[in-house]
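A.B. asks: Take a look at this one; I'll ask things after.
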Amino acid sequence: MKNKLMTTALSAALIVTVTAKVEAQEVRDIDVPAQPLDAAINELSSETGRAIIVKSSLVRGKTSRAVKGQLTPKQALASMVEGTGLSFLQLPDRSFALTESGQQGVGSSQDSDFLLDEVVIVEGEKIGRNLQEITPSIVVLNDTADRPQNFDQREAIQGIPNVLNEEGPQLPSIRGIDGSGGSIGSTSLTAGSQPRVPVIVDGVPRPLTLSATPSINSVWDVETIEVARGPQATTTGRNALGGAIRVQTKDPSNEFESKARLSYFNQDGTIGGAFLVNVPIVDDQLAIRFTAEASDGESFVEVLPGAASAFPGFFPPLTPEAADLIEDEEFRRFRGKVLFTPDAVPGLSLKFSVDDTSSIRLFQPGNVSEPIDALELATFFDSESVDDNEQIVYSGSAIYELSDRIIFEAKAGFLNNVFAIQPTNPLFDFVQDTETITAEGFVRVKDFGRLSKGLFGVAYENQKDEGENVDGFLGPFTLDADIENIGIFGEVEVDVFERLTLIAGARIEIDSRERLVTAAGAGSDTLVEETAFIPKIGLRYEVTEDVRIGYTYSEGFRPGGVDFNIFDPTVFVEFDSERLRQHEVFARTNWIENRLALNASAFFYTFDDAQTLGAADVPDPDAFLFGNVPEARGIGFELDGSFEIFEGVKLTAGLGLLDTEITDAGPIIPEFDGAELPRAPRVTASAGLSYASDFGFSASVDARFVGAQTPGLGDVELENYVVVDIAAGYEHEVRDGVFTRIDGFINNLADNRFVTSTTGSGFIVGRPRTFGISGTISF
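Every letter in the sequence shown is one number past the one before it in the working numbering, and letter 4, counting from 1, is 373.
So, in structure tokens, the structure goes:
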């Protein structure tokens, strides 16, 4: 837990509003007499110009030792807290955070957890809010993300109220807003629409292709996963209309660390391995971190060669060799990070990263041809095919502390993603090459009179797509596209009264997209440009130190565009931008000396001009192009909480209620007036019980419930389902500083067979009962 807390604080500090007054000379005259510890810490902070973060309950009633002499701030603080039962963390910005000594292991105290809340900054917010200041609509997963039973990010965020993130090619649906936004499948080629829920890893947005594969990430060496529900356009931008998934991997730290893991799970015979090493090169100045991981297995859905096709007489039967190839699932990733905080330039922090990922998997994972109660998880769909994806990302960031109240930050990234459908499918022999350049610069300010926090910045993104279908049913098909987006944004927090804070923000989006699509010797070149203003306003009131309530109004925006008939690109239609307007009230509370946390949100939104397949006003309805549904609305409630029953035993629970309705379906598809939005379960719920002992044993049981929902307009309603997962582990210190751990788990304990979505060829089903085991060594 000590290393976990250290690295959490380190990565968070790279984007937090730094409060330390950095000085070039470390050694200085220090003279702090013995006194109450809280007063001594304040005096030491004043003498050294270093911020020292600590919860008041940790120092209450404690007395410091006298500290006098030629000392560094680190030496002085160590001497001051000696014998008090406290220790401290030094952050890269040179500030310190105090925690309890001996409470970094399994079953750490709730006070330590609360301190972590005050240290960890929500990266996606950019403005520098900690976990206690954000609204409950943002869920931050840290120690629950990187667990052996989580195969990937999809598994990690299941069970969050009003979030649907099951097996299949889609991105998550949040509060009834489909994250893929109809962009999965051929429409990602023809219309080029971006997701309503972007996936952003280490500040770089991942692309959307024919499937969600490029956006699915592993959880190895992940620091936090932020799941933001509701519009996030003001600071996140890039179409974050329904929410955002923001993943932060661990940064290099100033302590040596290494870890290796070997794992196996039976669906279907998958073996995986992962490794990391963190090496400080120059003490407190230069560190590197390298991670590697790989897995090899097969899909849990069997592809049957030579069987009856889903479209008899249309596709030739697959050969056994092709069927074996289709079932393969392979994954590998290499990531390297460098963190440089030079003493020669106090207040400067530089970070560079390279992330190289490749994967092979079914184009429609979990797709079966028949109802699951009549078939043992197999597909007859002979046009089933394989995603072959290669992605490399280069990114860098610079943070410079001009003063204790002003911070400059700049980020840049380059992504190249090559997505191919292997030619086992006679429909496609397709390759899509996406290059994305992102750049962002902003300044954070704090404590300027009543302005407690402020953020002002500009962002730029350019995405180029080139695609080609060489052969197959569609014949030659090419794509040449260019999307350019400029965002100017800002957000402020103003202290109206002592406990009342006003939040106001806005973003100006300038979007331009050009697409050239050709097929069957014909094509069309189109250009769509749009400028939008996206506001946000809210209030937060601190009732007590442990109770905060508030209200926010926020908007989300996704640009319009043009959709083509994939068989004849000369037939196309322009669709309008869509906008979501949301009102939300919330409460975030801590009770019983921070052992009980309860968070609640209630929201209402209107969804105007929702971009929907089949809603286009074209002569041929079979073209099934993007159009706009004039209006829909949603109302819902979320409650989640955790209770430390006694030391080491924690109960968690969550509940999401949602009611959606298309209030005006428009003249093209009026039959959907009054229908629910797709992928909008009326009830989602979760519960979990975990135990962590002082001697290294831990266990957990988690259950989630997903209520009835329709996967698409006009589809049959899917039944609700319950999934129960269990896990247990044991950690042992072999010798000083060397730990081994073994974990075992069973996901979907009852082996429930449930449908998560439908396709043109059958059903997407959830993963069956899966046994797994892993061994980890760290030192």
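Beta carbons are placed, not taken as given, at the ideal position from N, Cα and C, and that holds for glycine. All of these numbers come straight from a predicted model, not from anything done at the bench.
For S668, which three-state DSSP category applies?
C.D. replies: If you number the sequence shown from 1, residue 668 lands on position 299. Coil.
A.B. asks: Considering only C-alpha positions, which residue in the set T593, N534, E624 is nearest to R516?
C.D. replies: In the sequence shown, counting from the first residue as 1, residue 516 sits at position 147. R516 has its Cα closest to that of T593, out of T593, N534, E624.
A.B. asks: Exposed or buried, P1137, counting other C-beta atoms within 10 Å across all chains shown (16 or more means buried)?
C.D. replies: Within the sequence shown, residue 1137 is the residue found at index 768, counting from 1. Buried.
A.B. asks: Using only CA atoms, which one of K1019, F1041, T1021, G1131 lies nearest to T1029?
C.D. replies: As a working note, residue 1029 is residue 660 in the sequence shown. Ranking the options by Cα distance to T1029, first place goes to F1041.
A.B. asks: Please report the straight-line C-alpha distance between V1018 and A1061, rounded to a whole angstrom.
C.D. replies: As a working mapping, residue 1018 is identified with position 649 in the sequence shown. As a working mapping, residue 1061 is identified with position 692 in the sequence shown. Near 7 Å, if we compare the C-alpha coordinates of A1061 and V1018.
A.B. asks: Compare the beta carbon distance of I1095 and I1115 with 8 Å and say whether it is the shorter of the two.
C.D. replies: Residue mapping note: residue 1095 aligns to position 726 of the sequence shown, counting from 1. Residue mapping note: residue 1115 aligns to position 746 of the sequence shown, counting from 1. Cβ atoms of I1095 and I1115: closer than 8 Å.
A.B. asks: Assign A1061 to one of three DSSP states: helix, strand, or coil.
C.D. replies: For this step, residue 1061 is matched to residue 692 along the sequence shown. Strand, per DSSP.
A.B. asks: Tell me the rounded alpha-carbon separation between S632 and E671.
C.D. replies: Working through the sequence shown from its first residue, we reach residue 632 at position 263. Working through the sequence shown from its first residue, we reach residue 671 at position 302. Those two C-alpha atoms are separated by around 22 Å.
A.B. asks: Could you tell me the boundaries of the alpha helix (DSSP H) in which K443 lies?
C.D. replies: Within the sequence shown, the letter at position 74 stands for residue 443. Counting along the chain, the alpha helix (DSSP H) containing K443 begins and ends at 442-450.
A.B. asks: Decide yes or no for the touch test of the region 966-979 against the region 875-889: beta carbon pairs closer than 8 Å, at least 3 of them.
C.D. replies: No, because fewer than three Cβ pairs between the region 966-979 and the region 875-889 fall closer than 8 Å, the two stretches do not touch.
A.B. asks: Using only the alpha-carbon positions, how far apart do S821 and Y1099 sit?
C.D. replies: Residue 821 sits at position 452 when you count from the first residue of the sequence shown. Residue 1099 sits at position 730 when you count from the first residue of the sequence shown. So the two alpha carbons sit approximately 45 Å from each other.
A.B. asks: With a 10 Å radius around its C-beta and 16 neighbouring C-beta atoms as the bar for buried, classify V385 as buried or exposed.
C.D. replies: Here residue 385 corresponds to residue number 16 of the sequence shown, with the count starting at 1. Note that V385 scores 33 on pLDDT, short of 50, meaning its location in the model is unreliable and no value can be drawn from it.
A.B. asks: Could you give the residue range of the beta strand (DSSP E) that holds S584?
C.D. replies: Within the sequence shown, numbered from 1, the residue matching residue 584 stands at position 215. Looking at the DSSP string, S584 is not in any beta strand (DSSP E), and its letter there is neither H nor E.
A.B. asks: To the nearest angstrom, report how far apart A1044 and I640 are at their CA atoms.
C.D. replies: What you label residue 1044 is simply residue 675 of the sequence shown in a count that begins at 1. What you label residue 640 is simply residue 271 of the sequence shown in a count that begins at 1. Distance between the alpha carbons of A1044 and I640: 44 Å.
A.B. asks: Please state if the CB of F933 and the CB of F944 are separated by a distance shorter than 8 Å.
C.D. replies: By one-based count along the sequence shown, residue 944 stands at place 575. By one-based count along the sequence shown, residue 933 stands at place 564. Contact: no.
A.B. asks: With distances taken from CA atoms, which of L694, V532, S664, E494 is nearest F520?
C.D. replies: Working through the sequence shown from its first residue, we reach residue 520 at position 151. Closest option to F520, Cα to Cα, is S664.
A.B. asks: Thinking C-beta only, is R702 closer than 8 Å to S587?
C.D. replies: For this step, residue 587 is matched to residue 218 along the sequence shown. For this step, residue 702 is matched to residue 333 along the sequence shown. The answer is yes: Cβ separation under 8 Å.
A.B. asks: Using the three-state DSSP reduction, which class does G1106 fall into: helix, strand or coil?
C.D. replies: For the purposes of this step, residue 1106 is identified with residue 737 of the sequence shown, where counting begins at 1. It is coil, neither helix nor strand.
A.B. asks: Of the choices A850, G892, L446, T726, whose alpha-carbon is the least far from that of S433?
C.D. replies: On the sequence shown, residue 433 is found 64 positions in, with the first residue counted as 1. Comparing Cα-Cα distances from S433 to each of A850, G892, L446, T726, the minimum goes to L446.
A.B. asks: Decide if S766 is buried, meaning its Cβ has at least 16 other Cβ atoms within 10 Å, or exposed.
C.D. replies: Here residue 766 refers to the residue found at position 397 of the sequence shown. Flag for S766 reads buried.
A.B. asks: Applying the 10 Å Cβ sphere with the 16-neighbour rule, what's the burial state of E947?
C.D. replies: The sequence position of residue 947 within the sequence shown is 578, counting from 1. With 16 or more Cβ atoms within 10 Å of its Cβ, E947 is classed as buried.
A.B. asks: For a minimum of 3 consecutive residues, which ranges assigned as the beta strand (DSSP E) are wholly contained in the region 846-895?
C.D. replies: List check, beta strand (DSSP E) in window: 846-864, 869-888.
A.B. asks: Flag this pair as yes or no: are the beta carbons of R565 and I546 separated by less than 8 Å?
C.D. replies: Working through the sequence shown from its first residue, we reach residue 565 at position 196. Working through the sequence shown from its first residue, we reach residue 546 at position 177. Yes, they are a contact pair.
A.B. asks: What residue range does the alpha helix (DSSP H) around S415 cover?
C.D. replies: Here residue 415 refers to the residue found at position 46 when the sequence shown is read from its first residue. Segment 406-417, the alpha helix (DSSP H) holding S415.
A.B. asks: Are the CB atoms of R730 and D712 within a distance shorter than 8 Å?
C.D. replies: As a first step, residue 712 is located in the sequence shown; it is residue number 343 there, counting from the start. As a first step, residue 730 is located in the sequence shown; it is residue number 361 there, counting from the start. No.
A.B. asks: If you draw a straight line from the alpha carbon of Q617 to that of Q1078, how long is it in whole angstroms?
C.D. replies: Mapped onto the sequence shown, residue 617 falls at position 248. Mapped onto the sequence shown, residue 1078 falls at position 709. The straight-line gap from Cα to Cα measures roughly 31 Å.
A.B. asks: With DSSP as the reference, identify every bridge partner of W589, one or two as the case may be.
C.D. replies: Position 220 of the sequence shown holds residue 589. W589 pairs with nothing; no bridge assigned.
A.B. asks: Does V423 come out as helix, strand or coil in the three-state DSSP assignment?
C.D. replies: As a working mapping, residue 423 is identified with position 54 in the sequence shown. The answer is coil: DSSP assigns V423 none of H, G, I, E or B.
A.B. asks: Could you name the residues that DSSP lists as bridge partners for I761?
C.D. replies: Your numbering for residue 761 matches position 392 in the sequence shown. The partner list for I761 (beta bridge, DSSP) reads D725, N785.
A.B. asks: Rounded to whole angstroms, what is the Cα-Cα separation between F783 and V428?
C.D. replies: Counted from its first residue, the sequence shown places residue 783 at position 414. Counted from its first residue, the sequence shown places residue 428 at position 59. Rounded to whole angstroms, F783 to V428 spans 46 Å at the Cα level.
A.B. asks: Our contact map puts K905 next to Y922 with C-beta atoms below 8 Å; I'd like the distance itself, whole angstroms only.
C.D. replies: Mapped onto the sequence shown, residue 905 falls at position 536. Mapped onto the sequence shown, residue 922 falls at position 553. About 7 Å; that satisfies the 8 Å criterion.
A.B. asks: Can you look up A1034 in the DSSP assignment and give me helix, strand or coil?
C.D. replies: Here residue 1034 refers to the residue found at position 665 when the sequence shown is read from its first residue. Reduced to three states, the DSSP call for A1034 is coil.
A.B. asks: Report buried or exposed for K619, applying the criterion of at least 16 other Cβ atoms within 10 angstroms of its Cβ.
C.D. replies: Within the sequence shown, numbered from 1, the residue matching residue 619 stands at position 250. Classification of K619: buried, given that the 10 Å Cβ count is 16 or more.
A.B. asks: So the candidates are E830, A979, V1124; which of them puts its Cα closest to the Cα of V737?
C.D. replies: Sequence index remark: in the sequence shown, residue 737 carries index 368 (1-based). Of E830, A979, V1124, the residue nearest in Cα terms is V1124.
A.B. asks: Q617 lies in the alpha helix (DSSP H); which residues open and close that run?
C.D. replies: Taking the sequence shown and counting its residues from 1, the one referred to as residue 617 is at position 248. Per DSSP, Q617 belongs to no alpha helix (DSSP H); it is in the beta strand (DSSP E), 612-618.
A.B. asks: In this structure, how does DSSP classify R1136 when only helix, strand and coil are distinguished?
C.D. replies: As a working note, residue 1136 is residue 767 in the sequence shown. Three-state DSSP puts R1136 in coil, outside helix and strand.
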